[in-house]
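Participant: Handing you this structure, nothing more for now.
Protein chains: 2
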Amino acid sequence: MNKPTDGTVGKALSVLDEVAKFGRPVRFSELLAGSTHPKASLYRFVQTLTNQGMLSHDPETGTYTLGIRLVKLAHAAWKQASLATVARPFVEALSLKVNENIHLAQMDAGQIIFVDKLKASDRFETMAQTGMVAPAFCTGVGKAILANMTPERRDRALQQQAYLAYTPNTHSSTESLLAELDQIREDGVAFDREEHETGIISIAAPIVTQGGRTIGAISIASSTSRQSLTSIQAFRPDLLATAHRIGEEATNWQFPTVT
Amino acid sequence: MNKPTDGTVGKALSVLDEVAKFGRPVRFSELLAGSTHPKASLYRFVQTLTNQGMLSHDPETGTYTLGIRLVKLAHAAWKQASLATVARPFVEALSLKVNENIHLAQMDAGQIIFVDKLKASDRFETMAQTGMVAPAFCTGVGKAILANMTPERRDRALQQQAYLAYTPNTHSSTESLLAELDQIREDGVAFDREEHETGIISIAAPIVTQGGRTIGAISIASSTSRQSLTSIQAFRPDLLATAHRIGEEATNWQFPTVT
DNA sequence: TATGTGGTTCCATTATGTGAAACTTAGTTT
DNA sequence: AAACTAAGTTTCACATAATGGAACCACATA
């Protein structure tokens with residue numbers, strides 16, 4: 001579960017994950033309980049992180065939460081790092097055209113991270129979702145990415161899957177998943193057949209640079225009450241076109257050679 | 260400029276800021292140029308951060324960007340840490356009622372960080388803005404917070420102001436600022452009189468817990484073409500009411516005592 | 001006043017980070 | 001093709017900075 005922990009920095013950063021895992025303000029002792037580090041060491045980590053602004057300490061309640069510096073950094077990350085910025089116009093266009101929810105995702109440590117989510121309907125809900133994580137093996141975007149990664153990376157990612165049975169349709173082993181991945185690679189798109197959440201389906205396509213690197217995926221998601229696995233097939237051309245355009249754009253989006 | 264750098268962790272984290280500052284994918288040598296660390300040390304930091312997912316390395320171009328792990332963490336931060344989550348319903352309500360842009364901000368290291376921004380008009384632009392930073396001394400939210408901090412914190416924050424003249428109306432010294440802060444504290448609301456950006460004005464109120472701690476600010480922002488410094492006075496009651504409600508809510512929002 | 005629990009500090013030990021310098025590519029010039 | 005250059009990577013002896021057991025403090029509750 002814990003990364004092999006490289007160096008002091010690694011250990012300190014892992015504390016951030018611990019805090020994140022709680023999802024609420026957390027006492028030092030609670031952290032200590034779930035931690036492998038001895039008291040004094042953990043204490044120092046928390047101290048350091050706090051006056052670095054990565055954690056914030058509420059003296060009134062004696063609790064820690066993730067710090068706002070993270071929000072600041074993430075904003076920069078979101079803007080510079082990735083897909084999201086480059087893809088925005090295309091995603092918006094697609095959202096308006098098909099009038100369904102669009103998800104844009106990248107992979108990290110075998111997990112899917114949503115870097116953008118546009119809801120067709122609700123005006124406000126949009127933001128709160130960026131940064132959410134989901135398992136790769138049972139989501140459309142996840143499978144689309146897995147199917148198109150380099151074999152080494154895929155193997156590593158597959159190691160990290162947990163195969164929880166979220167719904168009756170969820171894959172339960174690497175074997176069945178691998179079979180589908182082959183088929184997805186051939187077909188060009190992946191489907192979420194209510195594998196992560198009952199009633200939610202999606203059609204997803206990988207985003208590939210012209211150099212052939214898979215850098216993310218985009219999906220059109222809907223509910224079984226609005227669409228069916230058959231009807232969402234209709235989105236295929238628009239989805240693939242959009243994914244392709246984003247891939248192109250991402251390729252050219254190298255930083256302007258300043259020298 | 261650099262924080263007093265506590266420990267190895269501090270140094271490593273400062274590298275993240277460096278990368279963020281560029282706002283685009285960055286070469287190792289570029290980082291080295293702007294860094295105080297010797298080559299080998301910086302190299303190790305970058306290595307560590309990279310395989311921690313805090314940076315990401317594009318082997319094709321040999322550049323580094325901020326990693327997605329930050330986005331993941333920031334999501335958690337945004338949800339658990341702060342204001343934003345608690346304040347959401349109130350902010351939305353206010354946004355709908357006054358039909359102007361609402362900003363929600365917190366303070367970090369003398370800077371304003373926007374933790375939520377709701378645009379009255381544009382349906383999409385909302386997200387991209389969370390995490391943005393702005394100077395405290397020339398924004399409505401900034402002054403509202405400064406005016407209501409504890410003296411020690413305020414002094415520290417004032418040290419960190421740069422007093423750039425963004426517009427003709429921008430404060431240029433601590434003295435003039437302090438005078439206004441007194442008046443703001445008395446009045447209860449702060450105004451941005453085109454001090455940060457010409458044509459943009461706002462009315463802001465601090466968010467204070469029942470324990471008396473100022474934890475952020477909320478503002479209604481508009482353009483001089485839509486509103487005037489006089490007309491936005493009309494928002495005062497709604498703004499104050501909302502700020503007060505959020506303050507109350509934040510006070511009670513201690514984590515459920517689990518033990 | 002005792003007893004316990006969560007939080008903070010000490011300090012001798014040693015593991016870890018340090019950085020000058022050497023090396024390895026890859027790209028450019030003579 | 002050889003000679004140069006610049007960017008990135010590895011090495012290694014050294015000293016700083018992290019470590020963690022244990023003692024200590026503050027504040028509850030009995």
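Taken in sequence, the protein lines are chains A and B.
Under the working numbering, the residue at position 178 of the first sequence is numbered 178, and the numbers go up by one with no gaps.
Heads up: take any position in the second sequence, counting from 1, add 259, and you land on the working numbering.
Each residue gets a CB set at the ideal place from its N, CA and C atoms; glycine is no exception.
From a predicted model like this one, the values you see are computed outputs, not experimental measurements.
#1: My parser needs the alpha helix (DSSP H) runs of 4 or more residues fully inside the region 455-511 of chain B; what are they?
#2: Which residues, in chain order, does the region 4-23 of chain A contribute to contact with chain B at a C-beta distance below 7 Å?
#3: What's the call for residue 164 of chain A, buried or exposed, on a 16-neighbour Cβ count within 10 Å?
#4: Do you know offhand how far residue 314 of chain B's Cα is from residue 52 of chain A's?
#5: Residues of chain B with CB closer than 7 Å to the CB of residue 104 of chain A, please, in chain order.
#6: Taking the straight line between their C-alpha atoms, what separation do you get for residue 250 of chain A and residue 145 of chain A?
#7: According to DSSP, simplified to helix, strand and coil, what is residue 35 of chain A?
#8: For chain A, find out if any of its Cβ atoms is closer than 8 Å to the Cβ of residue 392 of chain B; answer yes or no.
#9: Between residue 391 of chain B and the rest of its own chain, which residues show a CB-CB distance below 7 Å, the 5 nearest in sequence each way excluded?
#10: Can residue 400 of chain B and residue 74 of chain A be called in contact, C-beta distance under 8 Å?
#11: To which residues of the same chain is residue 407 of chain B closer than 7 Å at the C-beta, ignoring the five residues directly before and after it?
#12: What do you get for residue 384 of chain B, buried or exposed, if any count of 16 or more other CB atoms within 10 angstroms of its CB means buried?
#13: Give the residues of chain B in contact with residue 69 of chain A, contact being defined as C-beta atoms less than 7 Å apart.
#14: For residue 364 of chain B, does the three-state DSSP call read helix, strand or coil?
#15: Rounding to the nearest angstrom, what Cα-Cα distance links residue 348 of chain B and residue 359 of chain B in this structure?
#16: To the nearest angstrom, report how far apart residue 105 of chain A and residue 327 of chain B are at their CA atoms.
#17: With DSSP run on the structure shown, which of helix, strand or coil describes residue 432 of chain B?
#18: Helix, strand or coil: which one does DSSP assign to residue 278 of chain B?
#19: Against residue 313 of chain B, what residues of chain A qualify as contacts under a CB-to-CB distance less than 8 Å, listed in chain order?
#20: Just checking: is the beta-carbon of residue 113 of chain A within a distance shorter than 8 Å of some beta-carbon in chain B?
#21: As a quick exercise: from A:143, A:168, A:192, A:188, pick the residue whose alpha carbon is nearest that of residue 174 of chain A.
#22: Go ahead and pull the three-state DSSP assignment for residue 311 of chain B.
#23: On a CA-only basis, which of A:171, A:119, A:39, A:156 is nearest residue 139 of chain A? Give me that one, please.
#24: Of all the options A:154, A:197, A:199, A:198, which has the alpha carbon lying nearest to the alpha carbon of residue 177 of chain A?
#25: Check the Cβ of residue 470 of chain B against every Cβ in chain A and list those closer than 7 Å, keeping chain order.
#26: Taking Cβ positions, are residue 45 of chain A and residue 20 of chain A nearer each other than 8 Å?
#27: For residue 498 of chain B, does the count of other Cβ atoms within 10 angstroms reach 16, so buried, or fall short, so exposed?
#28: Taking 7 Å as the limit between beta carbons, can you name the residues of its chain near residue 236 of chain A, skipping five residues before and five after?
#29: For the candidate residues A:160, A:14, A:136, A:102, whose alpha-carbon lies nearest to that of residue 307 of chain B?
#30: At the level of alpha carbons, what is the spacing between residue 87 of chain A and residue 456 of chain B?
#31: Please classify residue 25 of chain A: is it buried, with 16 or more other beta-carbons within 10 angstroms of its beta-carbon, or exposed?
#32: Leaving aside the five residues before and after residue 607 of chain B along the sequence, list all residues of the same chain whose C-beta is less than 6 Å from its C-beta, in chain order.
#33: Given residue 420 of chain B, which residues of its chain have a CB within under 8 Å of its CB, disregarding the five upstream and five downstream residues?
#34: I need the straight-line Cα distance from residue 416 of chain B to residue 440 of chain B, nearest angstrom please.
#35: Which of helix, strand or coil does DSSP assign to residue 370 of chain B?
#36: Beta-carbon of residue 419 of chain B versus every beta-carbon of chain A: anything under 8 Å?
Facilitator: According to the structure shown:
#1: 495-511
#2: 6, 7, 8, 9, 10, 12, 13, 16, 20, 23
#3: exposed
#4: 18 Å
#5: Going along chain B, no residue has its Cβ under 7 Å from residue 104 of chain A, so there is no contact; the nearest lies around 11 Å.
#6: 16 Å
#7: coil
#8: yes
#9: 373
#10: no
#11: 444, 465, 467, 473
#12: With a pLDDT of only 47 at residue 384 of chain B, under the threshold of 50, the placement of this residue in the model should not be trusted; the figure read from the coordinates follows. Exposed, by the Cβ-count rule.
#13: 367
#14: strand
#15: 16 Å
#16: 10 Å
#17: coil
#18: helix
#19: 13
#20: yes
#21: A:143
#22: coil
#23: A:171
#24: A:154
#25: 60
#26: no
#27: buried
#28: 189, 203
#29: A:14
#30: 29 Å
#31: buried
#32: This structure cannot settle anything about residue 607 of chain B, because the visible part of chain B is limited to 260 through 518.
#33: 369, 394, 395, 396, 433, 436
#34: 13 Å
#35: strand
#36: no
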